[in-house]
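FYI, the numbering for the sequence shown is -27 to -1, 1 to 363, going by mature numbering (1 follows the signal peptide of the UniProt record, and there is no 0).
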Amino acid sequence: MTLRVRVSMSIVLLVIASLLAASPARAASSAALAAQAPGDVVSAEPTTVYLLPGKLLEVPVDAWHLLYRSTSATGQPTTVSGTLLVPKAAYPLGRRPVIGYATGTHGLGDQCAPSASMSRGGEAELALVSLFLLKGFAVAITDYEGLGTPGQHTYMVGVSQGHAVLDSIRAATRVPGANLSDRAPVAVMGYSQGGASAGWAGQLQPSYAPELRLKGVAAGGVPADLRAVAAHLDGDQNFGLAAAAGVGLDAAYPELDLQADLNDRGKALLTDAADDCVGELEDKLAGLRFSDLSPVDLLDLPKWRVRLAENRLGATPPKVPVFLYHAQGDEIIPQAVGATLRSEYCRAGANVRWTSLPANSHVLGAVEGGPLAIEWLALRVIGLPAIGNC
C-alpha cells in the first residue's frame, strides 16, 4: 500500500519539465457543510507546484489548492483537500478531459498530504501526473479524508477514498477560472492505496456520481482484500502499512474502538504513528505482528470482520472498462490479491484488461505499469473501444 519512488524518478521529472510548455482556507462550519452538495467547492486558492525538492522546476500549469465537500464512509458530510492542475494551453479537441488521480500511500499526518508534497517539490507521482498534463488533460488529485484537513486520515477505507476521488472531479469542474465542463469526459487512475481508491471510485460512480461521464478506470497494485494483505504483512518489514490501515479504519468506524483492544505497547506505538509519513511508519513498526500490539486476534473480532468485508473490492464491478495491472514480484500486495479482483470482476461481466508486469517489487510495478495505464486511459477518453482479456 505504499508508493515510494525516490531519486530514480528525478531524471524522469527533469525530462517532463522540459516538455511541459504551456494557503489553505479553513473548513466550513458543520451547518454550512451539511447544506452543500458533494463536490461543492469550499475554497480554491491559487498555488504553485514543483517537480523537485527545494521548490525547483515549477510545473507550468494553472494550479489550485482545493477544499471541497465529500462524504464519509458512514454517509456524513466532510471536507477534503486536494490539488487541481490545468494545462495553460487550450485543449484543441473540445471539452478538456478531467482525470481523478489517486495517489499511493503518503502517511497519516497532514504534512504528508500530496498537496503539501507538491507545494514543496517532493511529490514523486508528479512524474505520472505530468504525462496526463502533456496530453492536455486536467488532473484533480485528492488528499483523501483527514489528510491535510482536521481529523485522522481514514487510510484504506474504500468508500471514503472512492467518494474523495469522485468529488475531486466534481470540484474541479466547479472551480471558477479553471474553465472545465461538467460534461467533459473523465477517467480515474491510481496505484497501491490509489489503486484501491480508483477501484472504489469505479464501483461507486453509478450510484454516487452518475452524472460524471466516466470513460475508464486504471488501478494498479490494488490491495483489494485488506484482510488478506494484513495477514501477508503480519511480521513483515512493511507491517507499518497494515497497522496504519487499522488506524484508518478505526478513524472511520467509531465502534471499532481500536485503543480498547491494544496493549500498552500497542497504544504507545500507534499513538506515536498517528501523524507519521510512510517512511516513518515502516521504520518504526518493521517486523512487528498484530500479536505484539494486542492480546486479542484483531482480524478475527466480529466487528473488524464486518468492516474489513465491507472494504473488500469486487462485489460490484464498475460499469466502465477497467485496466488492472500488478507486479509479479510485488512484496507488499501479493499479485494473487489483484488476480482475484480481476477474476471477480470478469465473472460479474466487467470489461477488464489485466496486465501482469515482470517487475520484482511494488514500486517498480508503479514505474512499469503507470505509462501503460495512462495510454490505455487516454484511448478511452477519446472514445476508442476497450478490448478486455477476461
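Where is the CB? At the ideal position from N, CA and C, for every residue including glycine. Predicted model only: the values in this text are computed from it and were never measured.
* Asked: Looking only at its own chain, which residues have a Cβ that is under 8 Å from the Cβ of M129, when we skip the five neighbours before and after it?
  -> Along the sequence shown, read from residue 1 onward, the residue named residue 129 stands at position 156. Cβ-Cβ distances below 8 Å link M129 to M(-27), Q166, A169, P196, L199, A217, A218, G221, L222, N284 in the same chain, with the five nearest sequence neighbours on each side left out; the list follows chain order.
* To do: Leaving out five residues on either side along the sequence, give the residues of the same chain with a beta carbon under 7 Å from the beta carbon of A259.
  => Residue 259 sits at position 286 when you count from the first residue of the sequence shown. These residues qualify, in order along the chain: Q210, F212, G213.
* Check S54 in the structure and name its three-state DSSP category. => Walking along the sequence shown from the start, residue 54 turns up at place 81. Strand at S54.
* Asked: Which residues in the same chain have their Cβ closer than 7 Å to the Cβ of residue 386, if we skip the five residues on either side of it in sequence?
  -> This structure leaves residue 386 out entirely; the chain is present only between -27 and 363.
* Asked: Is R143 buried or exposed, if buried means 16 or more other CB atoms sit within 10 Å of its CB?
  -> The sequence position of residue 143 within the sequence shown is 170, counting from 1. R143 should be labelled buried.
* State the DSSP-derived secondary structure class of V187, mapped to helix, strand or coil. => Position 214 of the sequence shown, counted from the start, is the residue given in the question as residue 187. Per the sequence shown, the amino acid found at residue 187 is Leu instead of Val. Residue state, collapsed to three classes: strand.
* Looking at the C-beta of P268, does it have a partner C-beta in chain C at a distance below 8 Å? -> Looking for chain C here will not work: only one protein chain is present.
* To do: Starting from the Cα of G239, find the closest Cα among L261, V148, T146 and give me that residue.
  => Residue 239 sits at position 266 when you count from the first residue of the sequence shown. Closest by alpha carbon: L261.
* Selection from V190, A111, R353 that minimises the alpha carbon distance to D155 -> Against the sequence shown, residue 155 aligns to sequence position 182. With distances taken between Cα atoms, D155 lies closest to A111.
* S133 versus A97, Y164, W173, T146, residue with shortest Cα-Cα distance -> Mapped onto the sequence shown, residue 133 falls at position 160. The residue with the shortest Cα to Cα distance from S133 is W173.
* Asked: Terminal residues of the continuous beta strand (DSSP E) containing P158?
  -> As a working mapping, residue 158 is identified with position 185 in the sequence shown. First-last of the beta strand (DSSP E) with P158: 158 to 164.
* Asked: Can you tell me whether R320 is buried or exposed, with buried defined as 16 or more other CB within 10 angstroms of its CB?
  -> For the purposes of this step, residue 320 is taken as residue 347 along the sequence shown, with counting starting at 1. The residue in question, R320, is exposed, as its Cβ has fewer than 16 Cβ neighbours within 10 Å.
* To do: Can you grab the Cα-Cα spacing for the pair V354 / V71, in whole Å?
  => The residue given as residue 354 occupies position 381 in the sequence shown. The residue given as residue 71 occupies position 98 in the sequence shown. Straight-line Cα distance between these residues: approximately 9 Å.
* Do the CB positions of G56 and V22 come within less than 8 Å of each other? -> As a working note, residue 56 is residue 83 in the sequence shown. As a working note, residue 22 is residue 49 in the sequence shown. Inspection of the sequence shows that residue 56 is occupied by Thr rather than by Gly. Against a cut-off of 8 Å, the Cβ pair of V22 and T56 comes out as a contact.
* Would DSSP call I306 helix, strand or coil? -> Stepping through the sequence shown from its first residue, residue 306 is reached at position 333. I306 falls in the coil class under three-state DSSP.
* Based on Cα-Cα distance, which residue from Y117, L286, P11 lies nearest to V202? -> Stepping through the sequence shown from its first residue, residue 202 is reached at position 229. Per the Cα distances, L286.
* Determine the extent of the alpha helix (DSSP H) in which S154 is found, giving its start and end residues. => Within the sequence shown, residue 154 is the residue found at index 181, counting from 1. Element bounds for S154: n/a, residue is neither H nor E.
* **Residue from A160, A346, A137, G302 whose Cα sits closest to the Cα of Q49** => Locating residue 49 in the sequence shown gives position 76, where the first residue counts as 1. Cα-wise, what sits closest to Q49 is A137.
* Entirely within the stretch 65 to 121 and at least 3 residues each: give me those beta strand (DSSP E) ranges in chain order. => As far as the stretch 65 to 121 is concerned, its whole beta strand (DSSP E) runs of at least 3 residues are 71 to 75, 111 to 115.
* Asked: Is the CB-CB distance between Y74 and M162 below 8 Å?
  -> Stepping through the sequence shown from its first residue, residue 74 is reached at position 101. Stepping through the sequence shown from its first residue, residue 162 is reached at position 189. Result yes, Cβ atoms of Y74 and M162 sit closer than 8 Å.
* To do: Can you tell me which of the three DSSP states T328 falls into?
  => Working through the sequence shown from its first residue, we reach residue 328 at position 355. T328 falls in the strand class under three-state DSSP.
* To do: Would you list the residues sitting across from C363 in a DSSP beta bridge?
  => The count along the sequence shown starts at 1 and reaches residue 363 at position 390. According to DSSP, C363 bridges with nothing at all.
* To do: Output the residue ranges of the alpha helix (DSSP H) runs that lie fully inside the stretch 237 to 310 and measure 4 residues or longer, sorted by chain position.
  => 237 to 246, 251 to 258, 263 to 266, 275 to 283
* Asked: Taking buried to mean at least 16 other C-beta atoms within 10 Å of its own C-beta, is D230 buried or exposed?
  -> One-based indexing of the sequence shown puts residue 230 at position 257. Burial call: exposed.
* Going by the CB atoms, is the gap between S264 and D234 shorter than 8 Å? -> Reading the sequence shown from its first residue, position 261 is the one you call residue 234. Reading the sequence shown from its first residue, position 291 is the one you call residue 264. No, these two residues do not count as a Cβ contact at 8 Å.
* Note down, in chain order, each residue of its chain lying with its Cβ closer than 6 Å to the Cβ of N324, except the 5 sequence neighbours on either side. => Position 351 of the sequence shown, counted from the start, is the residue given in the question as residue 324. Closer than 6 Å at Cβ, skipping near neighbours: P294, A359, G361.
* **Where the beta strand (DSSP E) through D35 begins and ends** => On the sequence shown, residue 35 is found 62 positions in, with the first residue counted as 1. Where D35 is concerned, the enclosing beta strand (DSSP E) stretches over 34 to 44.
* Cα-Cα separation, W349 to A100 -> For the purposes of this step, residue 349 is taken as the residue at position 376 of the sequence shown. For the purposes of this step, residue 100 is taken as the residue at position 127 of the sequence shown. Taking the straight line joining both Cα atoms gives about 17 Å.
* Spatial neighbours of G95 in its chain, beta-carbon cut-off 6 Å, leaving aside the 5 residues before and after -> Locating residue 95 in the sequence shown gives position 122, counting from the first residue. Excluding residues within five positions, the ones whose Cβ falls inside 6 Å are P26.
* **Opposing strand residues paired with Y23 [DSSP bridges]** => On the sequence shown, position 50 is the one that residue 23 refers to. E31, per the DSSP bridge assignment.
* Give a single yes or no on whether T122 has its beta carbon closer than 7 Å to a heavy atom of the ligand ADP. => Annotation note on the ligand ADP: not contained in the displayed structure, which lists no ligands.
* When the Cα of G82 is compared with those of G67, A282, G119, which residue comes out closest? -> For the purposes of this step, residue 82 is taken as the residue at position 109 of the sequence shown. The residue with the shortest Cα to Cα distance from G82 is G119.
* **Pairwise C-alpha distance: G189 and residue 364** => For the chain, the structure presents residues -27 to 363; residue 364 sits outside this window and is missing.
* Asked: Under 8 Å between the Cβ atoms of H299 and G194?
  -> On the sequence shown, position 326 is the one that residue 299 refers to. On the sequence shown, position 221 is the one that residue 194 refers to. The answer is yes: Cβ separation under 8 Å.
* Asked: With which residues is S16 paired in a DSSP beta bridge?
  -> Position 43 of the sequence shown, counting from 1, holds the residue named residue 16. BP columns for S16 point to L40.
* Terminal residues of the continuous alpha helix (DSSP H) containing D223? -> As a first step, residue 223 must be located in the sequence shown, where it is residue number 250. It spans 212 to 225 - the alpha helix (DSSP H) in which D223 sits, taken as one unbroken run.
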